[in-house]
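> Quick one: this structure, given as structure tokens, is what I'll be asking you about.
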């Protein structure tokens with residue numbers, strides 16, 4: 146038996162089922178989540194800040210920049226999105242740097258559900274995934290039936306990954322089991338109906354800026370992982386506070402502890418507000434020193450970002466040519 | 232090879248210009264020792280000779296004390312606001328030259344640049360800024376309406392935080408109108424000599440600060456000199472006792488900041504990830520060369536396994552190596568002598584039956600190094616639970632109840648610091664009242680601030696440094712405030728300092 150498995154498949158289901166006693170009812174789940182070790186905010190922030198002082202230079206920097214590019218979920222989530230906009234973003238995802246074809250591809254293109262087919266067609270067999278936000282993104286305020294229909298349509302249109310939002314209202318009012326059940330049902334809705342038995346990967350967004358406390362973030366992380374999340378994700382990018390290093394560190398620690406306790410391995414995606422190479426590298430250091438190098442791949446760590454890519458490309462050009470280029474030497478898409 | 236190998240990121244040595252030799256700083260001038268004696272100072276990470284420094288003898292110490300005495304009249308007569316200007320100027324120059332000083336400190340001491348840059352130097356500047364602020368407010372400090380300086384202070388500092396300990400000594404002394412003769416540690420004299428240059432840069436009047444370098448004999452001369460009014464010492468308990476004996480029966484006032492064997496106490500409801508960080512920071516910060524280091528981990532038995540697993544995992548990520556590399560977490564042991572002492576005590580730990588563990592880590596071939604080490608199965612009877620190791624060695628003990636934790640934590644001749652890790656606020660307050668330690672940290676460790684008094688109980692010494700309390704050590708007749716005066720003070724300022732109760 147492998148020591149750890151991803152969060153899908155029979156083995157994972159069995160391992161998650163071994164935790165059934167803590168998810169058997171509202172009070173059991175509450176007791177479990179409230180029994181998790183607390184998070185001391187000052188200490189957490191100090192640790193994240195210290196990791197942020199790591200100095201990543203030369204070869205390490207080149208490695209980190211390429212790795213970061215390959216981990217990007219290149220995102221457009223605007224009311225003004227059009228097929229044209231999505232197609233040009235896909236083109237950029239395939240060839241991020243028009244002057245240097247050695248630049249790696251991004252991990253996924255992240256769009257609203259109605260743009261999945263367009264993105265899928267534009268990406269063809271590039272290997273880049275299409276991620277769709279679902280479940281009444283970004284607020285999560287809709288009936289469960291609507292959220293499930295939203296998910297099914299995106300999966301049917303070809304989405305490889307579903308980025309769902311949790312119901313923060315239910316979470317904050319302590320209805321943890323409701324949030325748990327909702328994630329489980331969305332996970333079930335991710336199964337493709339083409340008879341292949343495969344499923345879109347599920348990323349669960351907490352909107353940590355609305356959960357406010359680190360204790361809440363840790364509880365939400367365990368809740369989502371118990372419910373079968375493939376990835377846990379900080380934010381929608383649509384509220385005032387999005388991914389921060391301390392919040393992401395809580396997610397990473399939760400993933401580390403969950404693997405040790407349950408034997409199921411989950412990915413992490415900070416999203417929103419990560420705009421510079423310097424920031425991205427700090428996150429990679431944090432992954433490296435919290436979860437280890439096993440997580441340093443797009444399969445297990447992603448950045449939800451749009452403007453980050455251009456900064457990474459400019460830094461990449463600087464490393465290869467020795468000169469800074471400028472924003473006119475990367476594409477605006 | 233790891234996938235994400237951090238490339239070397241060395242801080243440039245070019246920012247610091249170390250002269251091949253240095254004299255003593257007396258009366259505003261660098262001069263040779265009377266008998267021309269010198270000694271070498273090494274970089275402990277490479278054993279490279281950094282410079283040659285004068286060895287002050289009795290005659291040199293006498294010259295320095297006379298210079299300080301001569302300067303005392305004018306300096307103490309200056310209005311506090313004028314003295315403050317010099318201190319503010321020194322603080323600003325330290326900030327401006329902080330990169331240079333950080334590199335120098337890491338070279339001479341062996342500590343990682345991340346710590347000298349992010350901890351030592353900011354705290355040094357902060358200490359001067361803080362006491363600069365007091366210089367013209369001494370009448371409101373709770374030591375009477377017109378507190379007077381003592382005169383000439385003889386100050387002896389250790390090698391673990393050379394420049395920071397200098398700041399702790401010099402800043403309050405000057406703010407209160409004293410003049411000083413300071414002796415830096417034998418293995419780390421350079422930053423004090425650079426500080427002498429800063430005094431000149433700041434235009435500090437000659438003789439207000441004098442620096443005499445040398446070994447223990449220089450310190451003994453200074454302590455015994457009849458011309459000093461005050462001895463301030465930070466260092467080992469053994470030397471501290473010798474100093475107390477020397478000055479007994481004289482008019483000299485003494486403050487001693489000595490060793491420690493602090494307990495870092497982790498309850499089963501602690502924020503575990505942060506507790507692990509606090510334990511690591513508590514004992515491995517500055518290679519464990521910290522008098523208030525959390526060298527005894529007291530962990531509640533019910534979370535022992537979980538905590539030790541997490542601690543070992545975290546220790547495996549510590550990066551030991553070149554102090555000037557910005558990614559180094561643990562630098563070099565300060566001297567061959569200290570390394571030998573750490574080794575001897577660690578070997579004693581093993582011989583006495585404790586279980587030794589250290590993460591795999593490759594140590595450089597030259598210089599003095601010791602891997603971060605953990606001992607489990609330690610009891611109160613083991614030497615490693617009783618003696619100060621002053622190195623990166625953690626002794627793990629367990630307890631069952633809060634009462635037992637307090638009993639074990641206090642069961643030491645020392646009493647400098649303690650740490651409590653629990654999410655329960657009432658327990659923190661209960662513990663803090665029971666622990667006989669000068670500093671009690673809760674859910675953190677090794678946090679310093681110039682506004683916070685620091686000092687020990689029992690064999691950890693007496694007197695307080697830092698904060699309003701730190702002024703008292705440099706003021707004459709520091710008695711209860713007069714009743715007339717008390718009306719202007721916050722209620723707590725009327726009583727003696729917190730740490731005084733148990734003396």
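Residue numbers (my numbering), protein chains in the order written: chain A, 146 to 478; chain B, 232 to 734.
Beta carbons are placed, not taken as given, at the ideal position from N, Cα and C, and that holds for glycine.
Just so it is clear, the structure is predicted and the values come from calculations on it, not from any experiment.
(1) Mind checking if residue 362/B is an interface residue toward chain A, Cβ cutoff 7 Å exclusive?
(2) Output the distance between the C-alpha atoms of residue 227/A and residue 256/A, rounded to the nearest integer angstrom.
(3) Note down the Cα distance separating residue 637/B from residue 631/B, rounded to an integer number of angstroms.
(4) Which word fits residue 359/A, buried or exposed, when buried means at least 16 other C-beta atoms lie within 10 angstroms of its C-beta?
(5) Starting from the beta carbon of residue 183/A, find every residue of chain C whose beta carbon is closer than 9 Å, and list them in chain order.
(6) In terms of residues, what are the limits of the alpha helix (DSSP H) holding residue 441/A?
(7) Between residue 302/B and residue 404/B, what straight-line distance do the alpha-carbon atoms span, to the nearest angstrom?
(8) Given this structure, state the Cα-to-Cα distance separating residue 633/B from residue 539/B, to the nearest angstrom.
(9) Could you check how far apart the C-beta atoms of residue 280/A and residue 309/A are, in whole angstroms? I think they sit under 8 Å.
(10) Going by the beta-carbon positions, is the gap between residue 336/B and residue 351/B smaller than 7 Å?
(11) Give a yes or no on whether the minimum CB-CB distance between residue 361/A and chain B is below 7 Å.
(12) What is the C-beta distance between residue 346/B and residue 601/B, in whole angstroms, given that I count them as a contact (C-beta under 8 Å)?
(13) With respect to the beta strand (DSSP E) encompassing residue 177/A, which residues constitute its N-terminal and C-terminal limits?
(14) Would you decide whether residue 520/B is buried or exposed? Buried here means 16 or more other CB atoms lie within 10 Å of its CB.
(15) Mind reading off the beta-carbon distance from residue 301/A to residue 307/A? Whole number of angstroms is fine, and I expect it under 8 Å.
(16) Using beta-carbon positions only, say whether residue 334/A and residue 293/A come within less than 7 Å of one another.
(17) Since I believe residue 466/B is in contact with residue 387/B (beta carbons under 8 Å), could you give me their beta-carbon distance rounded to a whole number of angstroms?
(18) Could you tell me whether the Cβ atoms of residue 331/A and residue 152/A are closer together than 7 Å?
(19) What did DSSP end up calling residue 135/A once you bin it into helix, strand or coil?
(20) List, in order along the chain, the chain A residues whose C-beta lies closer than 7 Å to that of residue 548/B?
(21) State the DSSP-derived secondary structure class of residue 263/B, mapped to helix, strand or coil.
(22) Taking DSSP's pairing of strands, which residues face residue 520/B in a bridge?
(23) Could you say which of 425/A, 192/A, 417/A, 319/A lies nearest to residue 174/A if we only look at CA atoms?
(24) Since residue 410/B contacts residue 383/B with CB under 8 Å, what's their CB separation in whole angstroms?
(25) Going by the CB atoms, is the gap between residue 384/A and residue 354/A shorter than 7 Å?
(26) Classify residue 564/B as buried or exposed, calling it buried when 16 or more other Cβ atoms lie within 10 Å of its own Cβ.
(27) Would you tell me roughly how many angstroms separate the C-alpha atoms of residue 488/B and residue 365/B, rounded to the nearest one?
(28) For residue 198/A, which of helix, strand or coil comes out of DSSP?
(29) With a threshold of 7 Å between beta-carbons, can residue 301/A be considered close to chain B, or not?
(30) Could you pull out every residue in the same chain whose Cβ sits closer than 7 Å to the Cβ of residue 554/B, ignoring the five residues on either side in sequence?
(31) What's the gap between the Cα of residue 336/A and the Cα of residue 276/A?
(32) Give the DSSP-derived three-state secondary structure of residue 709/B in the structure shown.
(33) Between the segment 303 to 321 of chain B and the segment 469 to 487 of chain B, do three or more beta carbon pairs fall short of 8 Å?
(34) Distance, Cα to Cα, residue 222/A vs residue 157/A?
(35) Grab the span of the beta strand (DSSP E) containing residue 587/B for me, first residue to last.
(36) Can you tell me whether DSSP reads residue 425/B as helix, strand or coil?
Here's the rundown:
(1) no
(2) 11 Å
(3) 11 Å
(4) buried
(5) This model lacks chain C altogether, as its protein chains are A and B.
(6) Residue 441/A -> no alpha helix (DSSP H), and no H or E assigned at all.
(7) 13 Å
(8) 20 Å
(9) 4 Å
(10) yes
(11) no
(12) Incorrect: roughly 16 Å between the Cβ atoms, too far for contact.
(13) Residue 177/A -> not in any beta strand (DSSP E); alpha helix (DSSP H) instead, spanning 171 to 179.
(14) buried
(15) Wrong, their Cβ atoms sit about 12 Å apart, outside the cutoff.
(16) yes
(17) 7 Å
(18) no
(19) The structure shown has nothing for residue 135/A, since chain A only spans 146 to 478.
(20) 434
(21) coil
(22) Looking at the DSSP assignment, residue 520/B forms no beta bridge with any residue, so it has no partner.
(23) 319/A
(24) 6 Å
(25) yes
(26) buried
(27) 22 Å
(28) coil
(29) no
(30) 276, 337, 341, 342, 343, 344, 562, 563
(31) 14 Å
(32) The predicted model places residue 709/B with a pLDDT of 46, which falls under 50 and marks its position as unreliable, so this point remains unresolved.
(33) no
(34) 32 Å
(35) 586 to 588
(36) helix
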